[in-house]
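In this note's numbering, the protein residues as written are 14 to 386.
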């Protein structure tokens, strides 16, 4: 009610101290702790407002003993893995150890792990977290509550740049089109925010409240898709900034870089990569070739998982046993779907031995139609 609220965190009243800040609903309401008896907390309203059920609570500057993996998290993890989910996202990551602990609990399950960067500690440990996670989410809502607002744009850009350098995918999220929770049109500043995240190199942009509780969910998705398409078009016209290099490249990275260069220099219509695990397509995506990347795989799960990577359209096809069969299959499939036309030049990437994950070692220029019969 207007004078009392509850939280699901049992240690809350024992861990806050007088003077601590409490922020509700992504900072919409600010309270200041005046006292606690270990069971309930008394606060003074610093900045008031309306708060509904199940809104988030942030305690900037307060160190909590709450584990990043709670018993409920572990129960949800077990349910999700049994259901065959494509990604696992870990909230409130503070260190690389949080990610390692989750991966250990997953055992042999290999769904990609997304570390949600929401806490100052996560930013302080970002390099180590990127070494452990498959991707990261820049959760600007919580970051902007836990840290000074003016620092968030710089941190967002830095996380995207560092993730690209390490070959990790990035999702930029929270309050991207926040006004569309109520309104049918976004603000001009929101449009610029979405576009700038794409210009910075994010793989994906994400809607939250706009589609979960907003009044215009379909319109919000449509607006974001149009912004992304327009920004992608401009990026391809001007060219992408190459990712900073990190150490000595692997053979697969050398092939991916060569595919990117060949697509640009040959004026190719697309890069087509045959992939078992998805690793080849992910590497090529990192270099942002100026054309579409068509990833052909026999794994339905890999096809779904590749959808998060920038520029990748993944297609399901039966497994083949030779490069000639790959080229013939590619020609027929992509022409029949209207994705390419006969005579187009494409950059073809694969690996030998065929079907072995991580064996990317082959690149060639190919003219569509040469193997169509």
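Cβ coordinates follow ideal geometry from the N, Cα and C atoms, glycine included.
Query	Result
Under 7 Å between C-beta atoms of residue 236 and residue 262	no
Simplified DSSP assignment, three categories, for residue 273	helix
Alpha-carbon to alpha-carbon, residue 238 and residue 211	12 Å
With 16 other Cβ atoms within 10 Å as the buried cut-off, status of residue 215	buried
Through-space distance from residue 35 to residue 122, alpha-carbon basis	38 Å
Spatial distance of residue 333 from residue 319 (CA atoms)	20 Å
Residue nearest to residue 244 in terms of C-alpha spacing, selected from 115, 205 and 112	205
Beta-bridge pairing of residue 389 - partner residues as DSSP gives them	This structure cannot settle anything about residue 389, because the visible part of the chain is limited to 14 through 386.
The segment 39-53 touching the segment 94-106, judged by at least three CB pairs closer than 8 Å	no
Strand pairing of residue 129, partner residues [DSSP]	150
Residue 282 versus residue 73 - alpha carbon distance	50 Å
Terminal residues of the alpha helix (DSSP H) in which residue 92 lies	84-96
Any non-hydrogen atom of the ligand FAD closer than 6 Å to residue 49 Cβ	Looking at this structure, you won't find the ligand FAD or any other ligand, since it has none at all.
Beta-carbon proximity check, residue 39 vs residue 158, cutoff 7 Å	yes
Whole-Å CB distance - residue 138 paired with residue 109, under 8 Å assumed	6 Å
Three CB pairs or more closer than 8 Å across the segment 56-76 and the segment 173-192	no
Residue 244 (DSSP reduced to helix, strand or coil)	helix
For residue 293, the nearest candidate out of 92, 154, 316 and 356 (CA to CA)	316
Residues of its chain near residue 288, where Cβ-Cβ distance is below 6 Å and the 5 sequence neighbours each way are ignored	294, 308 and 310
The segment 112-127 in contact with the segment 137-154 per 3-pair CB rule at 8 Å	yes
Helix, strand or coil at residue 352 [DSSP, three-state]	coil
Inter-residue Cα distance where the pair is residue 32 and residue 154	23 Å
Classification of residue 363 by the beta-carbon crowding that lies within 10 angstroms, buried from 16 upward	buried
Proximity below 7 Å, CB of residue 119 to CB of residue 268	no
Enclosing alpha helix (DSSP H) for residue 115 [first to last residue]	109-119
Rounded Cβ spacing between residue 346 and residue 327 (contact assumed at less than 8 Å)	Rounded, the Cβ-Cβ distance is 12 Å, inconsistent with contact.
Contact under 7 Å by Cβ, residue 54 with residue 29	yes
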